[in-house]
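Residue numbers (the numbering used here), protein chains in the order written: chain X, 15 to 297; chain Z, 15 to 297.
See the structure below:
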């Protein structure tokens with residue numbers, strides 16, 4: 015029977031740590047501040063933003079959301095970001111995605127000062143990550159790595175398979191796993207022989223958005239399964255991994271819900287603290 | 015019997031293309047210029063720099079080498095780079111590696127304006143590469159991809175194994191192979207089961223510097239073998255792949271010498287042209 019990797023428990027632990035970090039900064043009259051840019055009124059984004067706001071409040075991070083109309087012009091949005099870059103009261107900036115179609119997401123992300131890049135999506139920070147600088151990391155990637163840390167899952171020399179190649183999860187995660195000396199394979203929608211790969215994998219991280227893509231017959235005994243997928247089917251939230259079926263065969267597994275998801279907002283808060291510390295202590 | 019991937023032939027073809035590019039730029043009074051920074055007098059670097067200088071001259075790229083004493087202070091070197099960043103006559107800057115121990119290689123590479131980054135080692139450019147912008151690419155990575163192009167080697171859905179995880183070859187190459195829809199595995203010195211991986215690979219690119227690491231019994235019939243390794247043993251230059259033994263079993267293979275090596279300087283010249291075009295036409 016697999017160890018269930020408890021996202022809620024680890025998230026609470028991480029939030030406590032962040033709260034301590036913030037307290038220590040406050041003692042030095044430093045007040046970590048996150049500025050979120052929201053464009054339009056996407057209902058899913060609203061829910062996520064409320065979760066962020068609540069956790070920020072709980073851990074003592076100052077959070078302000080700037081809401082812009084869905085038809086805002088790109089130049090205006092970039093101008094706003096530049097003002098936030100120059101604002102010494104703001105330590106971290108994030109743009110809530112997805113953005114409306116008419117906006118160039120890449121240009122907008124690149125407008126953020128890399129030093130204030132809460133999401134870690136700026137190409138400079140992603141390049142740094144590949145070069146071994148691990149202080150600015152996308153929140154989901156930090157969450158996945160936190161599970162390995164917290165549950166003492168050794169990665170050295172292990173075969174790690176990442177399914178999904180986004181710049182938000184799959185690709186930056188590959189750099190972190192390599193850094194930990196895993197042998198890393200990145201699979202995706204064009205991969206022809208997924209089951210051959212999963213059967214050889216000591217560790218599988220899936221982020222494709224395909225409910226129960228990874229089945230019990232595809233994994234090897236004792237595999238570690240980290241499920242980033244969130245698939246809503248008939249009102250139920252399902253992961254990319256067939257959790258119930260894999261539970262007896264895996265050595266460790268994240269449930270969905272209750273696995274990676276809950277950790278992600280706490281990871282974002284941890285990033286805000288790290289950015290604030292870097293800005294103040296230059297570390 | 016494998017197709018021998020002829021680096022000299024492809025290099026000559028690429029050099030001709032670059033010469034044409036330069037000619038067209040010259041007609042518009044644009045003179046692509048590469049500035050090489052050399053610190054100290056490393057004999058291996060001297061040889062390589064002479065090859066660069068000769069090819070630059072042949073294709074019409076203006077090249078100037080600035081030589082500094084081995085004990086130059088970091089601040090002075092960075093100051094020089096900043097002057098070159100601001101110099102409109104200079105389109106491309108490269109720092110010949112390795113640098114003397116007392117210099118912080120990362121800081122020096124980051125001092126180069128990413129727009130003039132001939133080697134493509136700046137973290138911003140490496141991050142862009144992972145995000146699918148393929149105009150600024152390390153020369154060896156461009157060389158490897160040029161073989162696939164020139165010999166019509168299809169990558170989609172193929173199992174590609176990269177042995178070696180440097181920021182110069184292995185890691186950025188992984189991003190290019192993913193972009194071409196290969197399933198990519200990155201192996202390295204901590205990988206435990208290399209032969210298991212090589213036996214499954216349709217394409218192997220090796221860059222580890224271990225003579226004849228990849229043997230005939232480790233590859234599958236019809237594998238494509240790209241050998242970036244350069245190992246000098248008893249006066250002989252050997253690749254990472256046991257060329258003679260693998261030749262009958264592979265479907266395509268690069269010799270060493272005469273494979274990836276000769277193509278690399280031509281790839282650098284191509285990069286100088288691309289940087290010049292980007293600076294002038296903003297593409």
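Quick reminder that beta carbons are idealized off the backbone N, C-alpha and C, glycines included. In this text the structure is predicted, and so the values were computed from the model without any measurement.
Practice problem: Count the other C-beta atoms from every protein chain shown that fall within 10 angstroms of the C-beta of residue 115 of chain Z, then say buried if there are 16 or more, exposed otherwise. | Solution: Per the 10 Å Cβ criterion, exposed.
Quiz item: In the DSSP assignment, what residue or residues form a beta bridge with residue 218 of chain Z?
Solution: According to DSSP, which records beta bridges pairwise, residue 218 of chain Z is partnered with Z:175 and Z:239.
Practice problem: Could you pull the start and end residues of the alpha helix (DSSP H) that residue 76 of chain Z belongs to? | Solution: Counting along the chain, residue 76 of chain Z falls outside any alpha helix (DSSP H), though it belongs to the beta strand (DSSP E) covering 76 to 82.
Exercise. Please name the residues in the region 197 to 230 of chain X whose beta-carbon is closer than 8 angstroms to at least one beta-carbon of chain Z, in chain order.
Key: For the region 197 to 230 of chain X, which is checked against every Cβ of chain Z, the residues closer than 8 angstroms are 197, 198, 199, 200, 201, 202, 204, 205, 206, 207, 210, 211 and 214.
Quiz prompt | Cross-strand partners of residue 104 of chain Z (DSSP beta bridge) | solution = Beta-bridge partners of residue 104 of chain Z (DSSP): none assigned.
Quiz item: In whole angstroms, what is the alpha-carbon distance linking residue 211 of chain Z and residue 21 of chain Z?
Solution: Our two residues, residue 211 of chain Z and residue 21 of chain Z, have alpha carbons roughly 26 angstroms apart in a direct line.
Quiz item: What is the DSSP secondary structure of residue 30 of chain Z, counted as helix, strand or coil?
Solution: Residue 30 of chain Z: helix per DSSP, three-state reduction.
Practice problem: Give the DSSP bridge partners of residue 52 of chain X, in chain order. | Solution: Partner(s): X:81.
Practice problem: Note the first and the last residue of the continuous alpha helix (DSSP H) segment covering residue 126 of chain Z. | Solution: Counting along the chain, no alpha helix (DSSP H) covers residue 126 of chain Z, and no H or E run does either.
Practice problem: Give the DSSP-derived three-state secondary structure of residue 38 of chain Z in the structure shown. | Solution: The answer is helix: DSSP assigns residue 38 of chain Z an H, G or I state.
Practice problem: Can you tell me which of Z:278, Z:257, Z:216 and Z:80 puts its alpha carbon nearest to the alpha carbon of residue 229 of chain Z? | Solution: That would be Z:257, whose Cα lies nearest to the Cα of residue 229 of chain Z.
Exercise. Mind listing the chain X neighbours of residue 192 of chain Z? Cutoff is C-beta to C-beta under 7 angstroms, in chain order.
Key: Within 7 angstroms Cβ-Cβ: 179 and 200.
Quiz item: To which residues of the same chain is residue 164 of chain X closer than 7 angstroms at the C-beta, ignoring the five residues directly before and after it?
Solution: Only residues of its own chain outside the window of five on either side were considered, and among them 24 have a CB closer than 7 angstroms to the CB of residue 164 of chain X, listed in chain order.
Quiz item: Roughly how many angstroms separate the alpha carbons of residue 231 of chain Z and residue 201 of chain Z, rounded to a whole number?
Solution: If I take the Cα positions, the gap works out to 18 angstroms.
Quiz item: Under the three-state reduction of DSSP, which class applies to residue 252 of chain Z: helix, strand or coil?
Solution: Correct three-state label for residue 252 of chain Z: strand.
Practice problem: Answer yes or no: do residue 179 of chain X and residue 155 of chain X have a C-beta to C-beta separation smaller than 8 angstroms? | Solution: The answer is no: Cβ separation not under 8 angstroms.
Exercise. Quick one: list the residues of chain Z neighbouring residue 142 of chain X, beta-carbon separation under 8 angstroms, in chain order.
Key: Those within 8 angstroms of residue 142 of chain X in chain Z are 137 and 141.
Quiz prompt | Cβ pair count under 8 angstroms reaching 3, the region 244 to 262 of chain Z against the region 112 to 130 of chain Z | solution = Fewer than three Cβ pairs drawn from the region 244 to 262 of chain Z and the region 112 to 130 of chain Z lie within less than 8 angstroms of each other, which leaves the two stretches out of contact.
Self-check item: Residue-level contact to chain X via CB, residue 105 of chain Z, 8 angstroms cutoff
Solution: At a cut-off of 8 angstroms between beta-carbon atoms, residue 105 of chain Z makes no contact with chain X.
Quiz item: Does the region 66 to 82 of chain X come close enough to the region 279 to 296 of chain X to have 3 or more Cβ pairs within less than 8 angstroms?
Solution: A contact exists between the region 66 to 82 of chain X and the region 279 to 296 of chain X.
Quiz prompt | Against chain X: residues of the region 156 to 171 of chain Z by CB proximity under 8 angstroms | solution = Listed by position, the residues of the region 156 to 171 of chain Z near chain X (Cβ gap below 8 angstroms) are 170 and 171.
Exercise. Output the boundary residues of the alpha helix (DSSP H) element that contains residue 61 of chain X.
Key: Taken as a continuous stretch (DSSP letters only), the alpha helix (DSSP H) holding residue 61 of chain X covers 57 to 73.
Exercise. Tell me whether the beta-carbon of residue 239 of chain X lies closer than 8 angstroms to the beta-carbon of residue 268 of chain X.
Key: Yes; because the gap between Cβ atoms is below 8 angstroms, this pair is in contact.
Quiz item: Is the region 245 to 254 of chain X close to the region 215 to 229 of chain X, with three or more CB pairs under 8 angstroms?
Solution: Result yes; three or more Cβ-Cβ pairs closer than 8 angstroms.
Quiz prompt | Inter-stretch contact at 8 angstroms, needing at least 3 Cβ pairs: the region 85 to 105 of chain Z / the region 90 to 100 of chain X | solution = When C-beta atoms of the region 85 to 105 of chain Z are compared with those of the region 90 to 100 of chain X, fewer than three pairs fall below 8 angstroms, so the two segments do not count as touching.
Exercise. Could you work out which residues of chain Z lie near residue 185 of chain X, taking near to mean beta carbons separated by less than 7 angstroms?
Key: Identification of chain Z residues near residue 185 of chain X by a Cβ-Cβ cut-off of 7 angstroms yields 144, ordered along the chain.
Exercise. State the beta-bridge partners of residue 109 of chain X as determined by DSSP.
Key: Answer is X:51.
Quiz prompt | chain X contact for residue 99 of chain Z (CB, 8 angstroms cutoff) | solution = It does not: the Cβ of residue 99 of chain Z has no partner Cβ on chain X nearer than 8 angstroms.
Quiz prompt | Inter-residue Cα distance where the pair is residue 206 of chain Z and residue 172 of chain X | solution = When rounded, the separation of the alpha-carbon atoms in residue 206 of chain Z and residue 172 of chain X is 8 angstroms.
Quiz item: How many Å lie between residue 273 of chain X and residue 193 of chain X at the Cα?
Solution: Here the C-alpha atom of residue 273 of chain X lies approximately 23 angstroms from the C-alpha atom of residue 193 of chain X.
Self-check item: Same chain only: Cβ atoms within 6 angstroms of residue 214 of chain X, ignoring 5 sequence neighbours per side
Solution: Result list for residue 214 of chain X: 173, in chain order.
Self-check item: Endpoints, the alpha helix (DSSP H) within which residue 258 of chain X is located
Solution: Bounds of the alpha helix (DSSP H) holding residue 258 of chain X are 257 to 260.
Self-check item: Closest by C-alpha distance to residue 77 of chain Z, when choosing among Z:48, Z:89, Z:38 and Z:60
Solution: Nearest in C-alpha terms to residue 77 of chain Z, of all of Z:48, Z:89, Z:38 and Z:60, is Z:48.
Quiz item: Which two residues bound the contiguous beta strand (DSSP E) that contains residue 284 of chain Z?
Solution: Where residue 284 of chain Z is concerned, there is no enclosing beta strand (DSSP E), although the alpha helix (DSSP H) it sits in stretches over 274 to 295.
Self-check item: Inter-residue Cα distance where the pair is residue 37 of chain Z and residue 117 of chain X
Solution: In this structure, the straight-line span from the alpha carbon of residue 37 of chain Z to that of residue 117 of chain X is close to 38 angstroms.
Exercise. Determine, using beta carbons only, whether residue 195 of chain X comes closer than 8 angstroms to chain Z.
Key: Among the residues facing chain Z, residue 195 of chain X is included, as its CB has a counterpart in that chain under 8 angstroms away.
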